[in-house]
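Asks: Questions regarding the structure given below will be posed in turn.
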Amino acid sequence: GDSVTQTEGLVTLTEGLPVMLNCTYQTIYSNPFLFWYVQHLNESPRLLLKSFTDNKRTEHQGFHATLHKSSSSFHLQKSSAQLSDSALYYCALSVNNYAQGLTFGLGTRVSVFP
Amino acid sequence: AQTIHQWPVAEIKAVGSPLSLGCTIKGKSSPNLYWYWQATGGTLQQLFYSITVGQVESVVQLNLSASRPKDDQFILSTEKLLLSHSGFYLCAWSLEGGGSDYTFGSGTRLLVI
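Take a look at the structure:
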């Protein structure tokens, strides 16, 4: 079946430094949709950005990601982390037009310190 | 604007007792609806999805069942709770198509003791 791999369970960094969260996926479908969701403490997940276009950079709220189908990757990056970026980040995959829902990775917890 | 409402906000229930969680979507007709479960500190596991009234597909049952009695309502239930049912239950909706945004409700926190 489909799967999403996030290699970092926890990322800690100092405010102002860049951050990159890794996401790779596996699917037999040639046109996957990739998403990044952010979940702050005691809240529900919120869509951060999404993409289905190969090699096109997608940006939102200072974060950006590029879907690379050749490497099945959709890494999330930000050039300068803020304290408010501390949260759980989930990479997710959707693969068909019947809206069967999202397959999530295990998530990466980001902690930004002053 | 579309709104998604989940109830209750939180529950503490005894092992073996029944459970019913609800989700209502307003402002969108015929949405696709989903139930997700999140163990404390864990990932989001899809449980069920529904594309239309009266039809529910199971992804992972976990001794739970789901129903869609109305176009805008999605119910998650069980006759007998287990300790392993504790966690955060999230309802979500989307429009047709795999690339549609999936919007989550505020969730229900369940503790089974």
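First to last, the sequence lines map onto chains A and B. Position 13 of the first sequence, counted from 1, bears residue number 13 in this note's numbering, the numbering being contiguous throughout. Position 42 of the second sequence, counted from 1, bears residue number 42 in this note's numbering, the numbering being contiguous throughout. Heads up, the beta-carbon is just placed ideally off N, CA and C, and yes, glycines get one too. All values reported here derive from a predicted model rather than from experimental measurement.
Is B/A66 near B/W35, with beta carbons less than 8 Å apart?
Replies: Closer than 8 Å, so yes.
Asks: Just reading off the beta strand (DSSP E) that B/I25 is part of, what are its end residues?
Replies: Residues 19-26.
Asks: Just reading off the beta strand (DSSP E) that A/T108 is part of, what are its end residues?
Replies: Counting along the chain, the beta strand (DSSP E) containing A/T108 begins and ends at 108-113.
Asks: Got a sec? Which residues, its chain only, sit under 8 Å from B/F104 by beta carbon, not counting five neighbours each side?
Replies: I4, Y36, L90, C91, A92
Asks: So is A/G1 in contact with chain B if we call contact Cβ pairs under 8 Å?
Replies: no
Asks: Pull up the distance between the alpha-carbon of B/Q2 and that of B/T24, whole angstroms please.
Replies: 10 Å
Asks: Do A/L67 and A/S51 have their C-beta atoms closer together than 8 Å?
Replies: yes
Asks: Is the CB of A/G62 under 8 Å away from at least one CB in chain B?
Replies: no
Asks: In the segment 25-78 of chain A, which residue ranges form an unbroken beta strand (DSSP E) of at least 3 residues, counting only runs that do not cross its ends?
Replies: Whole beta strand (DSSP E) segments, 3+ residues: 33-39, 46-51, 57-60, 63-66, 76-78.
Asks: Per DSSP, what kind of secondary structure is B/S29 in: helix, strand or coil?
Replies: In this structure, B/S29 counts as coil in the three-state DSSP scheme.
Asks: Just verifying my parser: in three-state terms, what is the DSSP assignment at B/S84?
Replies: Correct three-state label for B/S84: helix.
Asks: Given a cut-off of 8 Å, decide if A/V95 and A/L13 are closer than it, judged by their beta-carbon atoms.
Replies: no
Asks: Once DSSP output is grouped into helix, strand and coil, what is the label at B/S106?
Replies: coil
Asks: Within the 8 Å Cβ cut-off, does A/Q100 reach chain B?
Replies: Yes, contact with chain B.
Asks: Buried or exposed for B/N32, going by 16 or more other Cβ atoms inside 10 Å?
Replies: With 16 or more other Cβ atoms within 10 Å, it is buried.
Asks: Out of curiosity, what's the CA-to-CA distance linking A/S84 and B/V15?
Replies: Roughly 38 Å separates the two Cα atoms.
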